[in-house]
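Numbering (my numbering), first residue to last: 2 to 195. For each residue, glycine too, the CB sits at the ideal point set by N, CA and C. Just so you know, these numbers come straight off a predicted model, no measurement behind them. Take a look at the structure below.
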Amino acid sequence: MGAGRRASRVGHRPARSPRSCRLRLGRAPAHGSGSLAALVRQRHGRDGAPGGERRRRSGQEACARAGADGGPAGRLTALARSRQELEAARLLAEGDFGAQAVSRAYYAAFYAAEQALASLGESRSKHSGVISAFGRHVVREGGLEEGIGRILRSLFEQRNDVDYGEADASREDAELAIRDAQRFVDAVESWLPG
2 MGAGRRASRV GHRPARSPRS CRLRLGRAPA HGSGSLAALV RQRHGRDGAP
52 GGERRRRSGQ EACARAGADG GPAGRLTALA RSRQELEAAR LLAEGDFGAQ
102 AVSRAYYAAF YAAEQALASL GESRSKHSGV ISAFGRHVVR EGGLEEGIGR
152 ILRSLFEQRN DVDYGEADAS REDAELAIRD AQRFVDAVES WLPG
């Protein structure tokens, strides 16, 4: 160290261990449902033991065996999350929490849109990016009805109004948003392959 310089007070921190089976809040990993490390190993031919005698099981596969609803334990698929958000929106509307119900209705549609994009190998990091990509890839190129794409944009705007603006939502507003979100989720579910 030179003159006048102090030693850093930041010590070494060991790397954190992977938490492959932990419940994730929010949504699936940013780039699909698989582990990036597993994809890298697979791409570079390092998926098994030397000589190819036995294949090493990834933590992702172990979780998938333990989990329900097509994913690792404690993790929901985007469509399952959509249904969960719709149910939450209904309960909030019944309790006269209109603004919160509108927000949950939007998220139900948002997660369904993310699932549709993931089925095409697409993902976006921002809500506006998901909405734009959904309109481009699923509605225009994928043949989903244009009115369905407008529902997502409308729910996004309503959610912004109640979450960030001065607007409040009545029970009727919430019920309309929930009906729109249900229509959106149903349309995406029928559009998805298999």
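Check	Outcome
Taking one C-beta from the stretch 157–176 and one from the stretch 90–110 each time, how about it: are there three or more such pairs within less than 8 Å?	yes
Would you give the residue range spanned by the alpha helix (DSSP H) that GLU147 belongs to?	147–165
Starting from ASP187, follow the alpha helix (DSSP H) in both directions and report where the run begins and ends.	172–192
Between HIS138 and GLU123, which are expected to be in contact by the criterion C-beta below 8 Å, what is the C-beta distance as a whole number of angstroms?	6 Å
Please state whether the Cβ-Cβ distance between TYR112 and SER133 is less than 8 Å.	no
Mind checking which residues open and close the alpha helix (DSSP H) that includes VAL103?	99–120
If you reduce the DSSP assignment to three classes, tell me which class ALA94 lands in.	helix
Name the residue from SER191, VAL103, ARG105, ALA109 whose alpha carbon lies nearest to the alpha carbon of GLY143.	SER191
Straight-line CA distance for ALA119 to GLU167?	34 Å
Name the residue from LYS127, VAL103, LEU77 whose alpha carbon lies nearest to the alpha carbon of ASP169.	VAL103
Considering only the alpha carbon of each residue, which of ALA117, LEU93, ALA89 lies closest to GLY195?	ALA117
Please tell me whether GLY136 and GLY148 are closer than 8 Å, where the distance is taken between their beta carbons.	no
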